[in-house]
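Asker: Under this note's numbering, the first residue of the sequence shown carries the number 12, and numbering increases by one thereafter.
Cβ atoms here follow ideal geometry from the backbone N, Cα and C, with glycine treated the same way.
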Amino acid sequence: MNRFQYRVLKLTSEIPKGSITTYKILAEKLGTKAYKAVGSALKNNPTPIIIPCHRVVKSNGELGGFSSKVYRKEDLLREEGIEIKNNKIINFKERVYRF
12 MNRFQYRVLK LTSEIPKGSI TTYKILAEKL GTKAYKAVGS ALKNNPTPII
62 IPCHRVVKSN GELGGFSSKV YRKEDLLREE GIEIKNNKII NFKERVYRF
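Below is the structure:
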């Protein structure tokens, strides 16, 4: 794991249960526009439940990818009280966590 990946995962671990953030917000907090690199770091998360990469979604509220299956990401978010319809977060703006 390189330093960038470590920083992405460390920051992701700060997202509280019941909240979500976006790849873009994570990247900007890290001082980069490398949104896809953030996604790649999350895809390679060695501990996807402990480091809650399922709480990171696209900027338009769509779920995006997951290291496991996308339906598992949806299940985890629902377990945390996040409502989803047609692969999008309901009340997206109210759920977004900003560091």
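Helix, strand or coil: which one does DSSP assign to threonine 23?
Answerer: Three-state result, threonine 23: helix.
Asker: Judging by CA-CA distance, which residue of Gly92, Tyr17, Glu73, Arg106 is the nearest neighbour of valine 49?
Answerer: Valine 49 has its Cα closest to that of Tyr17, out of Gly92, Tyr17, Glu73, Arg106.
Asker: Short of 7 Å in beta carbon distance, which residues of its chain neighbour tyrosine 46, apart from the five on each side in sequence? Order them along the chain.
Answerer: Excluding residues within five positions, the ones whose Cβ falls inside 7 Å are Tyr34, Lys35, Ala38.
Asker: Going along the chain, which residues of its own chain have a beta-carbon closer than 8 Å to the beta-carbon of leucine 88, five neighbours each way excluded?
Answerer: Ile31, His65, Arg66, Leu74, Ile95, Ile100.
Asker: Quick check on the DSSP output: what are the complete alpha helix (DSSP H) runs of length 4 or more inside the region 43-71, in order along the chain?
Answerer: Counting only runs of 4 or more, we get 46-54.
Asker: In the DSSP assignment, find the unbroken alpha helix (DSSP H) run with glutamate 90 in it and report its ends.
Answerer: Per DSSP, glutamate 90 belongs to the alpha helix (DSSP H) from 81-90.
Asker: Within this structure, are the beta carbons of alanine 52 and valine 81 separated by less than 8 Å?
Answerer: For alanine 52 and valine 81, no; Cβs fall outside 8 Å.
Asker: Output yes or no for whether 8 Å exceeds the beta carbon distance between lysine 28 and glutamate 105.
Answerer: No, these two residues do not count as a Cβ contact at 8 Å.
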